[in-house]
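Presented below is the structure to which this report refers.
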Amino acid sequence: MIAKKQSEEEKREEEMNSLTDYGEPMNGQRLDLLNDKHSASTFTAFEIVSRMNFVNTLGDSIFIRRSRNTAKIVLDGLEINETFLRSIQGNEISFIDVLIGSDAATFSNASGGVIALYSNTGNVGSKNIKKKPGIIDYNAKGFYNARQFYSPDHINDFELINRSDLRTTLYWLPNIKTNNKTATEISFFTSDIKSDYIIEVEGISANGQPIHAIKTFNVE
């Protein structure tokens with residue numbers, strides 16, 4: 001029975017170490033909350049951290065030992081602030097490491113030490129999380145339908161005869177195929193607005209060369 005318990009503890013320790021970039025704390029402290037969910041659920045993550053060894057709090061600020069600099073707080077590797085730490089329930093956290101000295105040196109700007117929290121799911125939330133330098137969020141739009149603009153038929157649509165045509169975008173054709181044998185002809189109606197208009201063509205050649213040209217014409 002004793003050997004089995006030790007084996008489970010060693011397995012849990014290896015599991016926690018695999019989630020960090022520094023292994024296990026050498027000079028700080030680790031608090032495993034996985035087997036203490038009932039007790040942890042009655043406290044916020046901020047309250048649990050404030051009760052750990054080496055940790056002192058002053059209002060919303062957290063200090064490690066006697067450092068004059070506030071501790072850096074990270075959740076699953078991303079920096080968070082004390083306000084967000086108060087919003088996390090203890091049962092959402094798997095374990096907490098208090099890092100000082102060489103352990104804290106694995107994080108940038110951590111002269112006051114580090115409070116490293118690791119969640120049970122890896123997805124506690126993202127509000128107030130500060131992304132690491134050089135990281136941005138990008139949402140891919142996926143499949144894109146080309147825009148379409150209204151193009152009247154002044155020849156065949158008799159209802160348009162007595163209507164004013166005040167369009168500012170005259171014609172939009174997203175896909176034009178050309179060849180080197182014959183000219184490609186595009187025709188469209190101008191609007192009733194007497195002004196200068198711009199024709200802009202963008203494309204790409206068969207060998208990948210980008211094409212761009214702008215011309216103007218006047219409607220009097």
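Using my numbering, read the sequence shown as starting at 1 and increasing by one per residue.
We put the beta carbon where it would ideally sit given N, CA and C, even for glycine.
- Rounded to whole angstroms, the Cβ separation of V49 and I96 is 6 Å, and the two are in contact under 8 Å.
- Fully contained in the region 70-107 are the following beta strand (DSSP E) runs of length 3 or more, in chain order: 72-75, 93-99.
- Between S61 and E82, the gap from beta carbon to beta carbon is short of 9 Å.
- In the three-state reduction of the DSSP assignment, V201 falls in the strand class.
- For L33 and S41, the gap between their C-alpha atoms comes out near 10 Å.
- In the DSSP assignment, A45 falls within the alpha helix (DSSP H) that extends over 45-50.
- About 11 Å separates the Cβ atoms of T190 and L166, ruling out a contact at the 8 Å cut-off.
- For S119, the three-state secondary structure derived from DSSP is strand.
- Here DSSP, grouped into helix, strand and coil, assigns S187 to coil.
- With respect to the 9 Å criterion, A45 and V55 are not classified as neighbours on the basis of their beta carbons.
- DSSP places V55 inside the beta strand (DSSP E), whose first and last residues are 55-58.
- Within a 10 Å sphere around the beta-carbon of V201 sit fewer than 16 other beta-carbons, which makes this residue exposed.
- Looking at the backbone, the Cα of M16 and that of L31 are separated by about 11 Å.
- Where L19 is concerned, there is no enclosing beta strand (DSSP E), because DSSP gives it neither an H nor an E.
- Here R12 carries a helix assignment [DSSP, helix/strand/coil].
- Setting aside the 5 residues that flank it on each side, F43 is surrounded in the same chain by G90, each with a C-beta closer than 7 Å to its C-beta; the list follows chain order.
- Pairing L99 with N27 gives a Cβ-Cβ distance under 9 Å.
- Out of K194, I115, I64, P210, the CA that lies nearest to the CA of V219 is found in K194.
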